[in-house]
């Protein structure tokens, strides 16, 4: 199951070193996982590339493209202790870290599902620990028919407060993500603005927002203004163009402007490529990295008197 399929069925069927005390692997190697000359760190959401290859070969392709961080959906599902150990050796040999994982099975908008969500989280936290991964993606789940918007909003807040305490004991942060209504018409949290409101109300150092530009462009747009207003609550951003979820430069989002704005705002966490390449994945990932580097370089040059 990939993340798009997971988001459609959920409940209906990465971070800065300062936010990660204790020195999880991805935080400790923050300088190593940034592309040279880019203040923020770059990653690849693995479900989008080379799905026909064995897992370790997919990691090799990511490394070939010049990335040193990877995000996982459920690729780890069913791994034995030996497989976790083998993967750990592989990522070390490639100088790669896992910055984020997904697949908490339950959502947080349904107050009746709170205990199930916390149980799922407790199941996933040891996996994050095995992967030396400092962050977990959380989804709101689908709207609950007959329950008010305010009640579902408050359920997200209260569940994340409890979850933040649980995850914090493992030095793991939680990242709440928006999904657009075209991908899942039943999904609760389609608005980035509300997502930031929820994170602020939670007010927990281990709870941040995953700002997915692709989803928000489809939902409401006005991407940069929201980034400027809420940069302190952003724990991760996801990169893909609209339409089609392809690489930056294939659609309507001006990613050079977004990359420059991230640099201008001092963003130093992860920007993960979650696009479906239109051609060779290694070439597309390299081009996206080069676009970010060029955009940031232009911003730096513009500051020289």
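Residue numbers (this note's numbering): 27 to 331.
All C-beta atoms in this analysis are idealised placements derived from N, C-alpha and C, irrespective of residue type, glycine included.
The alpha helix (DSSP H) enclosing residue i, as first and last residue numbers
{"i": "residue 149", "result": "140-156"}
{"i": "residue 194", "result": "175-194"}
{"i": "residue 256", "result": "249-256"}
Element boundaries [beta strand (DSSP E), containing residue i]
{"i": "residue 298", "result": "296-299"}
{"i": "residue 166", "result": "Neither: residue 166 is in no beta strand (DSSP E) and is coded neither H nor E."}
{"i": "residue 203", "result": "199-203"}
{"i": "residue 215", "result": "No beta strand (DSSP E) holds residue 215; DSSP gives it neither H nor E."}
{"i": "residue 291", "result": "From DSSP, residue 291 is part of no beta strand (DSSP E); its letter is neither H nor E."}
{"i": "residue 68", "result": "67-71"}
Rounded separation between residue i and residue j - CA only
{"i": "residue 120", "j": "residue 89", "result": "7 angstroms"}
{"i": "residue 139", "j": "residue 205", "result": "19 angstroms"}
{"i": "residue 229", "j": "residue 115", "result": "37 angstroms"}
{"i": "residue 99", "j": "residue 156", "result": "15 angstroms"}
{"i": "residue 151", "j": "residue 175", "result": "29 angstroms"}
{"i": "residue 85", "j": "residue 172", "result": "45 angstroms"}
{"i": "residue 207", "j": "residue 245", "result": "7 angstroms"}
{"i": "residue 212", "j": "residue 97", "result": "25 angstroms"}
{"i": "residue 250", "j": "residue 111", "result": "41 angstroms"}
{"i": "residue 63", "j": "residue 170", "result": "45 angstroms"}
{"i": "residue 321", "j": "residue 268", "result": "19 angstroms"}
{"i": "residue 167", "j": "residue 282", "result": "32 angstroms"}
{"i": "residue 247", "j": "residue 275", "result": "17 angstroms"}
{"i": "residue 243", "j": "residue 178", "result": "23 angstroms"}
{"i": "residue 144", "j": "residue 272", "result": "34 angstroms"}
{"i": "residue 93", "j": "residue 219", "result": "30 angstroms"}
{"i": "residue 222", "j": "residue 202", "result": "9 angstroms"}
{"i": "residue 292", "j": "residue 285", "result": "11 angstroms"}
{"i": "residue 311", "j": "residue 298", "result": "11 angstroms"}
{"i": "residue 190", "j": "residue 236", "result": "15 angstroms"}
{"i": "residue 241", "j": "residue 252", "result": "13 angstroms"}
{"i": "residue 289", "j": "residue 232", "result": "23 angstroms"}
{"i": "residue 123", "j": "residue 87", "result": "14 angstroms"}
{"i": "residue 307", "j": "residue 70", "result": "11 angstroms"}
{"i": "residue 118", "j": "residue 325", "result": "33 angstroms"}
{"i": "residue 82", "j": "residue 224", "result": "37 angstroms"}
{"i": "residue 102", "j": "residue 154", "result": "10 angstroms"}
{"i": "residue 294", "j": "residue 319", "result": "14 angstroms"}
{"i": "residue 279", "j": "residue 107", "result": "42 angstroms"}
{"i": "residue 287", "j": "residue 254", "result": "8 angstroms"}
{"i": "residue 217", "j": "residue 126", "result": "22 angstroms"}
{"i": "residue 198", "j": "residue 159", "result": "8 angstroms"}
{"i": "residue 135", "j": "residue 194", "result": "21 angstroms"}
{"i": "residue 180", "j": "residue 234", "result": "16 angstroms"}
{"i": "residue 277", "j": "residue 192", "result": "40 angstroms"}
{"i": "residue 55", "j": "residue 296", "result": "Low confidence applies here, because residue 55 scores a pLDDT of 41, under 50, leaving its location unreliable; read the following figure in that light. When rounded, the distance between both Cα atoms is 12 angstroms."}
Helix, strand or coil at residue i according to DSSP, with G and I counted as helix
{"i": "residue 267", "result": "strand"}
{"i": "residue 239", "result": "helix"}
{"i": "residue 49", "result": "With a pLDDT of 35 at residue 49, under the threshold of 50, the predicted position of this residue should be treated as unreliable, though the coordinate-derived value follows. In the structure shown, residue 49 sits in coil (DSSP, three-state: anything other than H, G, I, E or B)."}
{"i": "residue 170", "result": "coil"}
{"i": "residue 261", "result": "strand"}
- Item | Sequence ranges, beta strand (DSSP E) only - wholly within the region 74-142, length at least 3 | 95-98 and 123-127
- Give a yes or no on contact between the region 247-261 and the region 185-197, applying the rule of three or more CB pairs nearer than 8 angstroms. no
- Query: Between the region 153-163 and the region 131-141, are three or more C-beta pairs nearer than 8 angstroms?
  - Reply: no
- Query: Quick check: the region 69-84 against the region 315-327, are there 3 or more CB pairs under 8 angstroms?
  - Reply: no
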